[in-house]
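S.K.: Please see the structure below; I have some questions.
This is the structure we're talking about:
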């Protein structure tokens, strides 16, 4: 028998990888940087949304500002109070003092912002929602980074939290004196009463020292604070009467 001729198979030759030039790296590095930047941004957005959603049902244990003040003063006072365990006069006074259109906006009072810009005096136009975001999720201070983050987080919080929840958290983290945070600590500190027993005048006086509790006192009110408290009490009555309390009352 004839021997079958052995078939020879040639091995495929490995093609050498082309060397990546400097210009190739110059083009790919920015692309990779953008990709990783987008991933980090997406992760940050997801984290913030989950954080905001968590605090819709879980009371914030503390804030960056409370921790900072605790380190500076060695002690702070704060007692969390649920909305229904706070005198109804207090939220009405807070809204009258800080954000009369609280129930009618989605986090930003555009009319107040427009008036502040036209006035040119530098007076603030921050809503209770914006102040809650600043107090709970951010830090104090006037800089554009914080303002930008505040503007980004406020609509997220408004979309997830109820107005009643926003007001509840605000009343529990707002500073009412040096180291005194929340109505639960402020009521006995200033008036020797429980937060649920605050009278209209006492609630108005507490609201009158905001947003400058270190420069004003509810215990020894200046003529300015007394005048402001009277205006707040009148405003609170008006808010009750015209229905601008619909989002948090009842």
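In the working numbering, the protein residues as written are 372 to 621. Even glycine gets a Cβ: it sits at the ideal position worked out from N, Cα and C.
1. Would DSSP call residue 449 helix, strand or coil?
2. Once you ignore the five residues that flank residue 574 on each side, which residues in its own chain have a CB closer than 7 Å to its CB?
3. Alpha carbon to alpha carbon, how far is residue 583 from residue 327? Give it in angstroms, no decimals.
4. Could you please give the first and the last residue of the uninterrupted beta strand (DSSP E) stretch that includes residue 546?
5. Helix, strand or coil, according to DSSP, for residue 580 in the structure here?
6. Quick check on the burial criterion: 16 or more other C-beta atoms within 10 angstroms. Buried or exposed for residue 570?
7. Can you tell which of 514, 503, 552 and 515 has its C-alpha closest to the C-alpha of residue 622?
8. Measuring straight from C-alpha to C-alpha, what distance separates residue 411 and residue 565?
9. Take the Cβ of residue 508 as the centre, count every other Cβ of all protein chains shown within 10 Å, and call the residue buried at 16 or more, exposed below.
10. How is the alpha helix (DSSP H) around residue 555 delimited, first residue to last?
11. When burial is assigned at 16 or more other CB atoms within 10 Å of the CB, is residue 473 buried or exposed?
M.R.: Inspection of the coordinates gives the following:
1. For this step, residue 449 is matched to residue 78 along the chain shown. Residue 449 falls in the strand class under three-state DSSP.
2. Walking along the chain shown from the start, residue 574 turns up at place 203. So the qualifying residues of the chain are 458, 460, 461 and 464.
3. In the structure displayed, the chain extends from 372 to 621; residue 327 sits before or after that span and is not available.
4. Within the chain shown, residue 546 is the residue found at index 175, counting from 1. Unbroken beta strand (DSSP E) run through residue 546: 546-548.
5. Here residue 580 refers to the residue found at position 209 when the chain shown is read from its first residue. In the structure shown, residue 580 sits in coil (DSSP, three-state: anything other than H, G, I, E or B).
6. One-based indexing of the chain shown puts residue 570 at position 199. Classification for residue 570: exposed.
7. Residue 622 cannot be examined here, being either before or after the span of the chain that is shown, 372 to 621.
8. The residue given as residue 411 occupies position 40 in the chain shown. The residue given as residue 565 occupies position 194 in the chain shown. Looking at the two C-alpha atoms, the distance is approximately 46 Å.
9. Here residue 508 is taken as the residue at index 137 of the chain shown, counted from 1. Residue 508 is buried by the Cβ-count criterion.
10. Counting from 1 along the chain shown, the entry for residue 555 is found at position 184. From DSSP, the alpha helix (DSSP H) with residue 555 extends over 554-562.
11. Translated into the one-based positions of the chain shown, residue 473 becomes position 102. Classification of residue 473: buried, given that the 10 Å Cβ count is 16 or more.
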